[in-house]
Structures are given as structure tokens and as C-alpha cells.
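Peer 1: My questions all concern the structure below.
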Amino acid sequence: MDSEDWGKDEPWCCSEDPAGSPLEPGLSVPSVNSAHSSAKLNARAPEKFSIHDQDHKVLILDCETLMAVPNKTNIHPETFFVLASHLSSSHEGSPILLAVSKGELCLCCKKDKGQSKPSFQLKKKKLTKLATQKEKARRPFIFYRAKVGSRYTLESAAHPGWFVYTSCNSGEPVGVTDRAGEGKLIEFSFHQVSKTEMRPSEVSIRNAPSNVFLCFPNVKQLPKNIKPA
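The sequence shown maps to residues 1 to 229 in full-length UniProt numbering.
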């Protein structure tokens, strides 16, 4: 299916969806702080999720580009491999690393040389190896996952105030923004994926290193760094 065809029969306007999306599965796991302080932890595999925006579009990977499209029967949502990380500085939300393409293409927010603003990028790195690197190397790949109602925002750790967003228009690439509204959706729901729901190409990934734990506490606050539209 051509990416131009995904949104042809979809309205441009976004729905407000006041009722919210289905609640994510509860995860009872230790905190990032306790994981960081303990050197003797069991290895954990990344959690696997599909991600939906607040307009109920799903995120897919097309030619190494993440985009949001209507959730139809012939669409296979991309599986995101998610690991908790840790940072020396405190911030609202839980620091996490995210990857697609069997955990070998990591989400990143980075300002390249000559750019005035950061951009959303996918980098060819193995998630489990990235998780073992020093904080300076990990920081561009870390996003703070903060709960807002029944959904979550994903704020860049390297560039505070910049959030992952999808467009109201179907088939447009995922990006980062420092402004809410203006047709940009910054709230997402995480839907846990079982192995039977995954495509064969998404199943192979090794266990995470022993110093990494998964952590999704319910941090009940609105993002304070986002600027109003």
C-alpha cells in the first residue's frame, strides 16, 4: 500500500476524544532508582508495545520512517521495544529508551550541526547495547514518559520541552515539537503486544543487560515545559 493512500478517506480534523483511550496494562516493577543502585539484578527483556496517538492512529514503520496512519485491518502497527533507562538529573516522568525494527533502530531527538532546532531521528543502534553506554551517549535517545490522564507524553531528555508528536493528517512522519496544538498530537497510548501478535521479523531480540529495569510508574502530572499554541 502506498503511503499516500493511507489518509485519502480520512478527515483532516482531529477528534478531541474526551473519554480517553483504553488504559495501558499495569506493570508492577521496581523503580529506576532502585535498579540503578543495585548491581545484582536479573536480566530483563524489553517490553513490547504498539503505540497509538490521541486520534487513534497507529504508528508504523515505512522505509525507516515512523508515521501515523488509521488503524485499519490491513495495517500492521509497528512493535516498539521499550527499556527503562536512568539519568543523574531528576525530571518529571520515567526515562525510557525506545526502538523499532527488532530493537535495532532507536528513537532519537538530536540537533545536528547547522540546525537551529532538534529533530526526530531513527538511528541504527541495538537497543540492548545502547542501554549499557554512558549517560552522555544515551541522553539523545532517552525520552521522559509522563502520564497525562489515560495517555502519555514523550519528552526529549536531551532537549527538555520538546515532545514527540504526530500530525492530524494521516501518513505524515513523526516529529518533535515545542508547541502543543497547531494540528500536532503529543499524547499517546501504549498497548502491550504479545509474541503471537508480532510479525516474524519483529520477534528476535536478546535480553536486556542486567543493570536495566523496566519502569512505568503512573506519574500524574501535565508536562510543564510545553509551550501553549
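Cβ coordinates follow ideal geometry from the N, Cα and C atoms, glycine included. Predicted model only: the values in this text are computed from it and were never measured.
1) Decide if P95 is buried, meaning its Cβ has at least 16 other Cβ atoms within 10 Å, or exposed.
2) To which residues of the same chain is N71 closer than 8 angstroms at the C-beta, ignoring the five residues directly before and after it?
3) Are V176 and F141 touching if we call contact CB-CB under 8 angstroms?
4) Which residues mark the beginning and the end of the alpha helix (DSSP H) in which R145 is found?
5) In this structure, does DSSP put E135 in helix, strand or coil?
6) Helix, strand or coil for L127, going by three-state DSSP, please let me know.
7) Under the three-state reduction of DSSP, which class applies to K72: helix, strand or coil?
8) Does the beta-carbon distance from V82 to L61 come in below 8 angstroms?
9) Using 8 angstroms as the Cβ pair cut-off and three pairs as the minimum, do the stretch 175 to 194 and the stretch 124 to 143 touch?
10) Starting from A99, trace the beta strand (DSSP E) both ways and give me its first and last residue.
11) On the CB-based measure, 16 or more other CB atoms within 10 Å of its CB, does S156 come out buried or exposed?
12) In the structure shown, what three-state DSSP assignment does K195 receive?
13) For F190 and E47, I'd like the C-alpha separation in whole angstroms.
14) Assuming H52 is part of the beta strand (DSSP E), what are its boundary residues?
Peer 2: Quick look at the numbers:
1) buried
2) H52, H56, K57, V58 and P77
3) no
4) No alpha helix (DSSP H) holds R145; the beta strand (DSSP E) holding it covers I142 to V148.
5) helix
6) helix
7) coil
8) no
9) no
10) S94 to V100
11) buried
12) helix
13) 11 angstroms
14) E47 to D53
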